[in-house]
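Reviewing the structure listed below.
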Amino acid sequence: MARRLMEGSEAIAEAMVAVDCRFFAGYPMTPFTEILERMAEFLPPVGGVCMNAESELEAIGMAWGAAATGARAATGSTGQGLALMQESISEMCTARIPLVVINMGRGQGDYFQATRGGGHGDYRTPVLAPSTVAEAVELVPLAFDLADRWRNPVLIYGDYYLGHTSQAVEVQSKDHASTGRAVADKPWALDGSTGGSGRAKLLSSLGEAKQRDGVGYDLAEHLERAGAATLEMGAGIEPFCDVGHCDDADLVVVAFGTIGRFVRWVVKELRSEGHRVGYVRPITLFPFPTEAVVEAAAGARSVAVYENNLGQMIDDVRLSVLGSCPVEFIGGLSMDSSGFGVGPEIDAPKIRARILAELERVEAR
Amino acid sequence: MTLTRGTVVIDREACKGCDLCIDACPPRVLEMTTTVVNTIGHRFPLLIAPGCTGCKACSQICPDFCFQVYKFDEPKEIPWPVD
Amino acid sequence: MDTELVGQRVVLRTDRRPDDATLVDDFTPELVDVGAHHLCPGCGEPIAIRSAVECIAELGAVERTISVFGIGCYTAFSNNLDIEVLQALHGRAPSLATGVKRMRPDALVLTVQGDGDMVNEGLQEVLHAAARGENITCVLLNNGVFGETGGHITSTTVLGQRTKNTLDGRDAERDGYPILIGDLIASMGGTAYAARGAVNDAGNVARTRRMLAAAFATQERGEGFSFVEILTMCPTGWFIETQESPDYLADVIAGTHQIGVLKGGDVPKGDR
């Protein structure tokens, strides 16, 4: 397959179409809008549907309905729009319905929203954080596979840089996509066919099947069952991350997404100058790569966390090392005047300066 | 003698005593019990006289599905009242 | 015909099937699998839902019907039905139904919602679904209160109507005016059929059934959004005796939410 220079939003959209996503719904909001535009362009020619929803509430509602028929469906927005979707995301977990939700965030302030969620009850969603367009194109198929495998929404957490930078990537062209609503074998999916059979299907966050003794739904029983499935998912997904130069590192820098990409480049540069620094870039934010962080930090004298927010992933890093070594926050909010997360600090020399300063503090101790 | 075209079977135990069937019945041949109640403590309807036409007003209005409605193959002349 | 004594009264026996008669109506229609439910005595909702599923059976659409239920007293009753059920969050049913129908255009897709679900929580969903002319049928069970929580005011509660949080009756100054959702939906460009029925007496049940049939036929012909609002009794939430609820519906509720065909479709006999 030839590599083509593509903007992130277009590559992500084409990657979704390539794995038979045939329903998308969204509401325009920077920097997510271009994915909605591309899906509106790519889906109809392959027999898919793209809806301009009246709000994010209905966008995820429509995607929910489409997913209930067994089709691969997706939706998305940026952090604020994701906030409107929290109720549905959590309820879909309890109803055990697959869906891919894309947060093209503004900065990285939605880490807690993504990994802890703002919905109700016990639920988790796998979260994948690409740092390059090429990586996003690889994570899209994984997101849909995880969603179908665990019957649970899965989040892809990108940002402005991911959506609006271009890279030469390999992704199956939409022109070769199979038309029609390819529906994987989903016995739970609704098509009306079990009507009148005495065991008509139910797809609900209140229960997995209709009670035949006429009592209605037993929510306690269902929440236990859905809960068990959630725990099984958390344990069953192998977390993964990108690790480099940690073997003899005095300082390990942990960063994800776009920031993680800058940190990796800076660490390589510092290593070439003889500095003993390494990096860990979590790609699955849930389940968090705890063991990889522990292993990387084992020989280090300090761990530094760099995020474009006030410090959120740092909690998970601390929970990983559990005090075995100091964990310092060296990131901070870096915003543009529109608040799109394109900040002046997100620049290699500036990130380098912060890492060097931390390295000197560590070596001075 | 009273002509009757149909009759009903009533699931007395399913009834919640809501009374809707009584007024819905055009020939007014249903009446609720007054002192007798079912196992869940509700009064229930009685077919108090012939005259049912099998029009199924009762079964269509009943929220608890207590009525089966039948139409006799031949209308019957029933001696009524019976002492 | 044999008789029996019930409470010192001679009545006709009603516990045995006659062998010289034909069955006209069974306890439960074909698609109501289980009759028992916990809805209140005199509740209109099972009556309305029964009519809807009877229409679906008559239409021969059983094996391609997908229903989307809102959250209210009727939610538990979806368990009793032998049709496929997709449970939505409070107010979101028309959006889910949109996604379902867009992906399965050959399915018969309906929502079943209450006035709290549709006209309070999900007004945006249903209005936009109507404006878009989605080829779905939304069935509204309008009893003018939040039944499941014990009879609280909703946006269709009529002026003067007593509810749990308007004990002295809904007051326009304090609580504003009821939304006539049927008429609102009828004014939408994408709405092909809209009607308002009721289940407070056998005549209205039959009339509502014709409206449901017309609505489903509209969907089957792909003519756009179809809507049937069904006024249902809620004696518990209206704080009245169950036998008073048919007249209360006619005099109090239907006085504001007037029964009739509001837009399009083959006008069933007896309706304007």
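Residue numbers (our numbering), protein chains in the order written: chain U, 1 to 365; chain C, 1001 to 1083; chain G, 2001 to 2272. Ideal placement from N, C-alpha and C gives every residue a C-beta, glycine not left out. Since this is a predicted model, take the numbers as computed values, not measurements.
Item, Value
"Continuous alpha helix (DSSP H) stretch holding E160(U): start and end", "The question names Glu, but residue 160(U) in the sequence shown is Tyr. From DSSP, the alpha helix (DSSP H) with Y160(U) extends over Y160 to H164."
"Paired residues, beta bridge with A366(U) - DSSP", "Since the first residue of chain U shown is 1 and the last is 365, residue 366(U) is not available in this structure."
"Beta-carbon spacing of V252(U), Y306(U) below 8 Å", "no"
"Bridge partner(s) assigned by DSSP for T2191(G)", "F2225(G)"
"Status (buried if at least 16 other CB within 10 Å, exposed otherwise) for S334(U)", "buried"
"Own chain residues within Cβ distance below 6 Å of P1075(C), not counting five before or after", "L1003 and R1005"
"Between the CA atoms of Q86(U) and I414(U) - distance to the nearest angstrom", "For chain U, the structure presents residues 1 to 365; residue 414(U) sits outside this window and is missing."
"Nearest residue (CA-CA) to I1022(C), options K1071(C), P1079(C) and I1048(C)", "I1048(C)"
"DSSP-derived helix/strand/coil call for S302(U)", "strand"
"Test: P2246(G) CB closer than 8 Å to a CB of chain C", "yes"
"Those residues which DSSP pairs with S2067(G) across a bridge", "V2085(G) and L2110(G)"
"8 Å Cβ cutoff, G1054(C) in contact with chain G", "yes"
"Cross-chain neighbours of I2047(G) in chain C, by beta carbon under 9 Å", "L1020, Q1060, I1061, C1062 and P1063"
"Partners in chain U for T2065(G), counting only beta-carbon separations shorter than 7 Å", "G192 and G195"
"Strand pairing of M1032(C), partner residues [DSSP]", "P1045(C)"
"L2039(G), DSSP secondary structure in three states", "coil"
"Terminal residues of the alpha helix (DSSP H) in which R2170(G) lies", "First-last for R2170(G): undefined, no H or E at that position."
"Under 8 Å from the C-beta of A2097(G): neighbouring residues of chain U", "G65"
"G61(U) - containing beta strand (DSSP E), residue span", "No beta strand (DSSP E) holds G61(U); the alpha helix (DSSP H) holding it covers E56 to A68."
"Cutoff 8 Å: D2271(G) Cβ touching any chain U Cβ", "Below a pLDDT of 50, predicted positions are generally treated as unreliable, and D2271(G), at 49, falls in that range; no measurement from the model is reported."
"Interface positions of the region 2103-2119 of chain G facing chain U (Cβ-Cβ less than 8 Å), listed along the chain", "M2103, R2104, A2107 and L2108"
"Helix, strand or coil at Q211(U) according to DSSP, with G and I counted as helix", "coil"
"I2047(G) - DSSP class collapsed to helix/strand/coil", "helix"
"Assigned exposure category for V1082(C) - 16 Cβ within 10 Å defines buried", "exposed"
"Under 9 Å by beta carbon: chain C residues contacting P2178(G)", "Those do not exist, as P2178(G) stays about 25 Å from chain C at its closest Cβ, beyond 9 Å."
"Whole-angstrom distance between N152(U) and R2221(G), CA atom to CA atom", "35 Å"
"DSSP state of T2242(G) mapped onto helix, strand, coil", "helix"
"Buried/exposed call for T2028(G), threshold 16 Cβ in 10 Å", "buried"
"Stretch-stretch touch, CB-based, cutoff 8 Å, three pairs: the region 323-338 of chain U with the region 124-140 of chain U", "no"
"Contacts of V2085(G) in chain U (Cβ-Cβ under 9 Å)", "L190, A200, K201, L202, L203, S204 and K210"
"G2044(G) vs N2165(G) beta-carbon contact at 8 Å", "no"
"Residue environment, F112(U), which counts as buried when at least 16 other CB atoms sit within 10 Å", "exposed"
"Under 9 Å from the C-beta of E2030(G): neighbouring residues of chain U", "G196"
"Option nearest L2180(G) by Cα separation, candidates L2140(G), T2149(G) and G2169(G)", "L2140(G)"
"Three-state secondary structure assigned by DSSP to N2204(G)", "helix"
"Supposed contact pair A53(U) and G26(U) - C-beta distance, whole angstroms, cut 8 Å", "7 Å"
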